[in-house]
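If you're matching positions, the sequence shown starts at 264 in our numbering and goes up one per residue.
First the structure, in the form of structure tokens, and then the observations on it.
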Amino acid sequence: MLLSLGRRIGVELVPIGAPGHFLVQEPVSGSLLDPFDRASDLQPSALAARMAALGAHLDLTEALAPIPDQAVVARVLNNLTNTMVQRSVRELDWVLDLRLALPLRYQDPRALAALCEQRGRLDRAAELLDLLARATEREDLSRRAHALRARLN
Numbered sequence: 264m265l266l267s268l269g270r271r272i273g274v275e276l277v278p279i280g281a282p283g284h285f286l287v288q289e290p291v292s293g294s295l296l297d298p299f300d301r302a303s304d305l306q307p308s309a310l311a312a313r314m315a316a317l318g319a320h321l322d323l324t325e326a327l328a329p330i331p332d333q334a335v336v337a338r339v340l341n342n343l344t345n346t347m348v349q350r351s352v353r354e355l356d357w358v359l360d361l362r363l364a365l366p367l368r369y370q371d372p373r374a375l376a377a378l379c380e381q382r383g384r385l386d387r388a389a390e391l392l393d394l395l396a397r398a399t400e401r402e403d404l405s406r407r408a409h410a411l412r413a414r415l416n
């Protein structure tokens, strides 16, 4: 929302995908804004301290790198997935459709395969597991994909 508002008033903001927290950066001043805290200004040192309190070591250069729009959408859909799992599993289908439309490089294919299986999309779950099996050379994933396909018969 903050990105869209900035664009609307002529202020280009950059999405930053810090681990566990989404931020927005104003590139001219370098200010980091926290859209979940009334767009308050967040100093990089405060972000590092927040992550350290959670037990995470933070490489600020990596954590403050801009992310593409698809990664922003993937993060939103991950949050929606977590919400829907807690509220209404039936509501997951439209979120799953959107997640399946995104490139896999912005998602966790194993978690996506599990979600597909949970929602009865066994063919899509098997496809994802096959992709993972080829990428990781893990035979157990191939066997799991084969077992899912067998359930389709």
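Glycine included, every Cβ here is placed at the ideal spot set by N, Cα and C.
In this text, all values refer to a predicted model and were calculated from it rather than measured experimentally.
(request) Can you tell me which of the three DSSP states L327 falls into? (result) coil
(message) Quick check for students: name the residue ranges of the alpha helix (DSSP H) that lie wholly in the segment 295 to 373, counting only runs of 4 or more.
(response) 307 to 316, 323 to 326, 332 to 350, 355 to 364
(request) Would you please state the rounded distance, in angstroms, between the beta carbons of L321 and A311? I believe it to be under 8 Å. (result) 5 Å
(request) Could you name the residues of the same chain whose beta carbon sits closer than 7 Å to that of R373, not counting the 5 residues immediately before and after it, in chain order? (result) L395
(request) Please report how far the alpha carbon of R414 lies from the alpha carbon of Q288, in whole angstroms. (result) 48 Å
(request) Taking 8 Å as the cut-off, decide whether the C-beta atoms of L361 and L340 are in contact. (result) yes
(message) Are the CB atoms of A388 and L363 within a distance shorter than 8 Å?
(response) no
(request) Have a look at V291, P282, M264 and flag the residue whose alpha-carbon is nearest the alpha-carbon of R313. (result) P282
(message) With three or more C-beta pairs closer than 8 Å as the rule, is the segment 287 to 306 touching the segment 349 to 357?
(response) no
(request) Find the nearest neighbour of A337 within the set Q381, F285, D393, judged by alpha-carbon distance. (result) F285
(message) Could you tell me the alpha carbon to alpha carbon distance between P331 and L391, rounded to whole angstroms?
(response) 23 Å
(request) Just the C-alpha distance for I279 and P329, rounded to the nearest angstrom, thanks. (result) 5 Å
(message) Quick check on the DSSP output: the beta strand (DSSP E) that includes G253 runs from which residue to which?
(response) Only positions 264 to 416 of the chain appear in this structure, which leaves residue 253 out of reach.
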